[in-house]
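Each protein sequence line maps, in turn, to chains A and B.
Sequential numbering of the first sequence, starting at 1, is according to my numbering.
Sequential numbering of the second sequence, starting at 101, is according to my numbering.
Ideal Cβ positions, reconstructed from N, Cα and C, are used throughout, including at glycine.
What you are looking at is a predicted structure, and each value in this text was computed from that prediction instead of being measured.
Taking it in order: structure first as structure tokens, then the write-up.
There are 2 protein chains.
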Amino acid sequence: METWIGSIAGILTSISMVPQLWKVIRTKEVDDLSWPMLITLIFGVALWVFYGLLHMEWPIILSNSFSFIVNCTVLTYYFLFSKK
Amino acid sequence: METWIGSIAGILTSISMVPQLWKVIRTKEVDDLSWPMLITLIFGVALWVFYGLLHMEWPIILSNSFSFIVNCTVLTYYFLFSKK
Chain A
1 METWIGSIAG
11 ILTSISMVPQ
21 LWKVIRTKEV
31 DDLSWPMLIT
41 LIFGVALWVF
51 YGLLHMEWPI
61 ILSNSFSFIV
71 NCTVLTYYFL
81 FSKK
Chain B
101 METWIGSIAG
111 ILTSISMVPQ
121 LWKVIRTKEV
131 DDLSWPMLIT
141 LIFGVALWVF
151 YGLLHMEWPI
161 ILSNSFSFIV
171 NCTVLTYYFL
181 FSKK
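Here it is in structure tokens:
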């Protein structure tokens with residue numbers, strides 16, 4: 001059971017930024033987002049990928065690589081569409 | 101070394117939403133945020149707290165409890181200040 005809980009928790013936290021990415025693509029409105037939040041998150045998930053590689057733990061590598069890509073895309077949109 | 105990388109990764113991902121909370125408190129502007137993102141994240145970190153409790157892993161329990169509180173606060177501000 002515990003493995004299940006960890007897997008679902010990992011999936012939820014990994015995909016959580018997808019709705020935000022979808023909203024940014026749809027609305028092109030980004031000014032209320034915090035770019036320091038995105039940068040902190042990107043560094044964090046990048047380190048998790050590195051941690052996963054050190055332990056050859058594929059669930060950690062894959063879920064955090066996905067998060068890394070999604071968050072980098074949101075950050076790119078932020079700098080493309082930010083009016084401030 | 102690996103424990104260090106995991107700890108720093110955990111701290112970064114746990115505190116990542118703090119700059120977003122700070123911005124929301126300062127600006128009271130939330131409409132560009134995605135509430136489905138916040139809810140997905142809240143469920144995810146809640147499950148991580150449960151997972152941590154099952155394994156009595158205090159780093160997982162504490163970091164995700166902190167995330168849970170921060171994200172619930174951002175979600176509360178979202179519903180308080182959303183104009184849509």
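Any C-beta of chain A sitting closer than 8 Å to the C-beta of B/I115?
Yes, contact with chain A.
Buried or exposed by the 16-neighbour rule on C-beta atoms within 10 Å, applied to B/S182
exposed
So, does the CB of B/T140 fall closer than 8 Å to a CB anywhere in chain A?
yes
Residue range of the unbroken alpha helix (DSSP H) whose run includes B/V170
Where B/V170 is concerned, the enclosing alpha helix (DSSP H) stretches over W158 to F181.
Anticipated Cβ contact below 8 Å, B/V130 with A/D32, distance rounded:
6 Å
Please decide whether B/W148 counts as near chain A, where near means a Cβ-Cβ distance under 8 Å.
yes
Assigned secondary structure, A/M37 (DSSP; H/G/I helix, E/B strand, else coil):
helix
Of all the residues that make up the segment 50-74 of chain A, which are near chain B by a beta-carbon distance shorter than 8 Å?
Result list: F50, Y51, L54 and H55.
Name, please, each residue of chain A whose Cβ falls closer than 9 Å to the Cβ of B/K123.
D32, L33, S34, P36 and M37
Around the Cβ of B/F168, are there at least 16 other Cβ atoms within 10 angstroms (buried) or fewer (exposed)?
buried
Given 7 Å as the limit, tell me if A/W4 has its C-beta closer than that to any heavy atom belonging to the ligand NAP.
In the structure shown, the ligand NAP is absent, as is every other ligand, since no ligand is present at all.
Does the Cβ of A/W4 have 16 or more other Cβ atoms within 10 Å, making it buried, or fewer, making it exposed?
Flag for A/W4 reads exposed.
Leaving out five residues before and five after B/N164 in sequence, what residues of the same chain have Cβ atoms less than 6 Å from its Cβ?
The beta carbon of B/N164 lies closer than 6 Å to those of V145, W148 and V149 in the same chain, with the five residues before and after it left out.
Does the distance from the C-beta atom of A/N71 to that of A/M1 stay below 8 Å?
For A/N71 and A/M1, no; Cβs fall outside 8 Å.
Starting from the C-beta of B/M156, find all residues in its chain whose C-beta is less than 6 Å away, skip the five residues before and the five after it, and write them out in chain order.
none
Could one say the Cβ of A/F79 lies closer than 8 Å to chain B's Cβ atoms, at least one of them?
Chain B, which has no Cβ nearer than 8 Å to the Cβ of A/F79, makes this no.
Three-state secondary structure (DSSP) at A/V24?
helix
In whole angstroms, what is the alpha-carbon distance linking A/I39 and B/L141?
17 Å
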